[in-house]
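Here the protein sequences come in this chain order: C and H.
The first sequence begins at 1 in the UniProt record's numbering and counts up one residue at a time.
The second sequence begins at 1 in the UniProt record's numbering and counts up one residue at a time.
Worksheet: the structure to be examined is printed underneath.
Protein chains: 2
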Amino acid sequence: MKIKSPHLIKPNAHVRLSKKSTSDTGGYKSEEAAAAILVKHRKQLADLQDVFYASQTKALLIVLQGMDTAGKDGTISHIFSGINPQGCDVASFKVPTPLESRHDFLWRAHAQVPPRGMINIFNRSHYEDVLSPRVHKIITDKVMRRRLDDINEFESMLADNDVLILKFYLHISRDEQTRRLQSRIDDKQKHWKLSEADLHERKFWPQYIDAYDRILSTTSPKHAPWFVIPADHKWYRNIAISTILVEALQSLKLKFPNPTVDASAIKL
Amino acid sequence: MKIKSPHLIKPNAHVRLSKKSTSDTGGYKSEEAAAAILVKHRKQLADLQDVFYASQTKALLIVLQGMDTAGKDGTISHIFSGINPQGCDVASFKVPTPLESRHDFLWRAHAQVPPRGMINIFNRSHYEDVLSPRVHKIITDKVMRRRLDDINEFESMLADNDVLILKFYLHISRDEQTRRLQSRIDDKQKHWKLSEADLHERKFWPQYIDAYDRILSTTSPKHAPWFVIPADHKWYRNIAISTILVEALQSLKLKFPNPTVDASAIKL
Numbered sequence: 001m002k003i004k005s006p007h008l009i010k011p012n013a014h015v016r017l018s019k020k021s022t023s024d025t026g027g028y029k030s031e032e033a034a035a036a037i038l039v040k041h042r043k044q045l046a047d048l049q050d051v052f053y054a055s056q057t058k059a060l061l062i063v064l065q066g067m068d069t070a071g072k073d074g075t076i077s078h079i080f081s082g083i084n085p086q087g088c089d090v091a092s093f094k095v096p097t098p099l100e101s102r103h104d105f106l107w108r109a110h111a112q113v114p115p116r117g118m119i120n121i122f123n124r125s126h127y128e129d130v131l132s133p134r135v136h137k138i139i140t141d142k143v144m145r146r147r148l149d150d151i152n153e154f155e156s157m158l159a160d161n162d163v164l165i166l167k168f169y170l171h172i173s174r175d176e177q178t179r180r181l182q183s184r185i186d187d188k189q190k191h192w193k194l195s196e197a198d199l200h201e202r203k204f205w206p207q208y209i210d211a212y213d214r215i216l217s218t219t220s221p222k223h224a225p226w227f228v229i230p231a232d233h234k235w236y237r238n239i240a241i242s243t244i245l246v247e248a249l250q251s252l253k254l255k256f257p258n259p260t261v262d263a264s265a266i267k268l
Numbered sequence: 001m002k003i004k005s006p007h008l009i010k011p012n013a014h015v016r017l018s019k020k021s022t023s024d025t026g027g028y029k030s031e032e033a034a035a036a037i038l039v040k041h042r043k044q045l046a047d048l049q050d051v052f053y054a055s056q057t058k059a060l061l062i063v064l065q066g067m068d069t070a071g072k073d074g075t076i077s078h079i080f081s082g083i084n085p086q087g088c089d090v091a092s093f094k095v096p097t098p099l100e101s102r103h104d105f106l107w108r109a110h111a112q113v114p115p116r117g118m119i120n121i122f123n124r125s126h127y128e129d130v131l132s133p134r135v136h137k138i139i140t141d142k143v144m145r146r147r148l149d150d151i152n153e154f155e156s157m158l159a160d161n162d163v164l165i166l167k168f169y170l171h172i173s174r175d176e177q178t179r180r181l182q183s184r185i186d187d188k189q190k191h192w193k194l195s196e197a198d199l200h201e202r203k204f205w206p207q208y209i210d211a212y213d214r215i216l217s218t219t220s221p222k223h224a225p226w227f228v229i230p231a232d233h234k235w236y237r238n239i240a241i242s243t244i245l246v247e248a249l250q251s252l253k254l255k256f257p258n259p260t261v262d263a264s265a266i267k268l
């Protein structure tokens, strides 16, 4: 799987999110200009998934990470509506349950890895168990490094076993987060989305960015690359990601499976 | 949840599938006349699911049963494409695995019951573990009756715990199955869908119909009704089912949840 994208993080690149644009629109001037592209991509994804599901030769794991309000839910609903739900699952990783906490940090992620033929989307992921504990100093820097090594080994094992892995960091500015939270405050219909916990986490913005810089710099091998997607403009975020997905699936050149019976011999 | 539908099976109705039309189109004259309705229903379902997912007050379990080629997969892709995959899962029940066989017959179904806020679609279901063993005389009539009682108790417990259950039997004629299999034989692209097992099962058509008559007659209580959907015409099958789903979800009159924080007190 070879993907050309201006948003690809090369293996061992020294990533500084502060130097990366959150508002880039890849040359597109307006949402209107991009709208037709998303419609086309959605149709292409639906067709590509059809073969992907039938052929059962590869699995696709999509990881979505980003600050609160970065658009993880929106990405899923905008890009993957149109896809056959039979071939696509979404796993949301929240604060670990008591049972999950009693396991190694990769246990719950491993359980949700797609089987061949399926596309699974991780809404947050195993990276959350490195991020949040490090930001709040629940784990030391040494443990963080060890967990990132563990993740690299884990993803490498998955890749060896036919799992394609594409990881997206949805990159918004702090100002954009402020705007999005404010719009939730201004819109009574959206008040239920507000939580004390999210508002609290926001205070740790610089620490999160530091931790992401580390993650993106050390866990983007060729077989499980990160993409840093400028996400201040939702419409550009959507087509930036859908472009990568279409290209990735097309590059597999998958075919419908061979028949198991000799159709010419069947008499109904 | 009160649903009016000509396809509803009333509790303890004496169902004879042979007396029910497989080709009815509910007064619609053509596919073209119905196409706009499906588009409208898909949009409505997407909006209704949005609130359903957010409110987390009810779960929705959709059971799809029918002969091979009856259109279970097609129903899922036509009606549920457009829905946010984050709020919708599909569970396919195949021949039980060795582990599943070591459990009671409801174990694997129970594990896939949706939590509140989710819509889960059973592509085949716990009914398969009554049907197929009875048709092939692996279980006695007495065991079949006991299993149907077990299912009634199980579904009643689920309904008591906020799970809405809607069950659809996709009703095709044997001639229509012949046509659909023939079209798979004629189309090289579809040969991979043919299996010896399916062709073998087809010989037991009358026994399956008998077993379904029993199932439909005894397991259609108000809280978990069956609908027998005329399914020879795929386009009518789709709108017959989407009509019921839209009506069911609308009747819940769900609202977005109440906020957990006082938005007016937040300073960003």
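Using N, Cα and C, we set each Cβ at its ideal position, and we do this for glycine too.
Being a predicted model, the structure only gives us computed values, none of them experimental.
Distance between residue j and residue i (C-alpha atoms, nearest Å)
i, j, result
"residue 99 (chain H)", "residue 110 (chain C)", "20 Å"
"residue 33 (chain H)", "residue 10 (chain H)", "29 Å"
"residue 212 (chain H)", "residue 17 (chain H)", "8 Å"
"residue 222 (chain C)", "residue 101 (chain C)", "31 Å"
"residue 126 (chain C)", "residue 151 (chain C)", "8 Å"
"residue 105 (chain C)", "residue 65 (chain C)", "17 Å"
"residue 131 (chain H)", "residue 113 (chain C)", "32 Å"
"residue 61 (chain C)", "residue 118 (chain C)", "8 Å"
"residue 206 (chain C)", "residue 20 (chain C)", "15 Å"
"residue 136 (chain H)", "residue 172 (chain H)", "21 Å"
"residue 217 (chain H)", "residue 13 (chain H)", "5 Å"
"residue 192 (chain C)", "residue 28 (chain C)", "34 Å"
"residue 97 (chain H)", "residue 103 (chain H)", "10 Å"
"residue 219 (chain C)", "residue 147 (chain C)", "11 Å"
"residue 263 (chain C)", "residue 183 (chain H)", "11 Å"
"residue 115 (chain C)", "residue 197 (chain H)", "23 Å"
"residue 153 (chain C)", "residue 108 (chain H)", "32 Å"
"residue 170 (chain C)", "residue 144 (chain C)", "22 Å"
"residue 258 (chain H)", "residue 54 (chain H)", "10 Å"
"residue 50 (chain H)", "residue 73 (chain C)", "12 Å"
"residue 7 (chain H)", "residue 215 (chain H)", "16 Å"
"residue 124 (chain H)", "residue 124 (chain C)", "31 Å"
"residue 39 (chain H)", "residue 174 (chain H)", "30 Å"
"residue 35 (chain H)", "residue 37 (chain C)", "25 Å"
"residue 270 (chain H)", "residue 15 (chain H)", "This structure cannot speak to residue 270 (chain H), because chain H is shown only from 1 to 268."
Sequence-distant residues of its chain with Cβ nearer than 6 Å to residue i (five each side left out)
i, result
"residue 155 (chain C)", "165 and 224"
"residue 122 (chain C)", "63 and 91"
"residue 30 (chain C)", "none"
"residue 190 (chain H)", "184"
"residue 204 (chain H)", "135"
Residues sharing a beta bridge with residue i, DSSP
i, result
"residue 226 (chain C)", "C:167"
"residue 81 (chain C)", "C:83"
"residue 238 (chain H)", "Residue 238 (chain H) is not bridged to any residue."
"residue 120 (chain H)", "H:61 and H:89"
"residue 8 (chain H)", "H:227"
"residue 74 (chain C)", "In DSSP, residue 74 (chain C) forms no bridge with anything."
"residue 66 (chain H)", "H:170"
Cβ pair residue i, residue j closer than 8 Å
i, j, result
"residue 168 (chain H)", "residue 128 (chain H)", "no"
"residue 67 (chain C)", "residue 248 (chain C)", "no"
"residue 194 (chain C)", "residue 95 (chain H)", "no"
"residue 82 (chain H)", "residue 234 (chain H)", "no"
"residue 139 (chain H)", "residue 199 (chain C)", "no"
"residue 57 (chain C)", "residue 160 (chain C)", "no"
"residue 181 (chain C)", "residue 69 (chain C)", "yes"
"residue 41 (chain C)", "residue 185 (chain C)", "no"
"residue 268 (chain C)", "residue 52 (chain C)", "no"
"residue 120 (chain C)", "residue 149 (chain C)", "no"
Nearest neighbour of residue i, chosen from the options [CA to CA]
i, options, result
"residue 77 (chain H)", "C:161, C:86, C:73 and C:45", "C:86"
"residue 75 (chain C)", "C:256, C:5 and C:237", "C:237"
"residue 251 (chain H)", "H:44, H:19, H:97 and H:27", "H:44"
"residue 23 (chain C)", "C:214, C:69 and C:229", "C:229"
"residue 158 (chain C)", "C:174, C:209, C:59 and C:210", "C:59"
"residue 80 (chain C)", "C:147, C:14 and C:242", "C:242"
"residue 202 (chain C)", "C:226, C:7 and C:176", "C:176"
"residue 269 (chain C)", "C:36, C:142 and C:226", "This structure leaves residue 269 (chain C) out entirely; chain C is present only between 1 and 268."
"residue 48 (chain C)", "C:120, C:263, C:256 and C:268", "C:256"
"residue 133 (chain C)", "C:208, C:8 and C:36", "C:208"
"residue 4 (chain C)", "C:246, C:141 and C:268", "C:246"
"residue 141 (chain C)", "C:210, C:174 and C:232", "C:210"
Cutoff 7 Å; reference residue i; Cβ partners in own chain excluding five residues on either side
i, result
"residue 187 (chain H)", "none"
"residue 178 (chain C)", "none"
Same chain, Cβ closer than 8 Å to residue i, five either side skipped, listed in chain order
i, result
"residue 84 (chain H)", "46, 49, 50 and 53"
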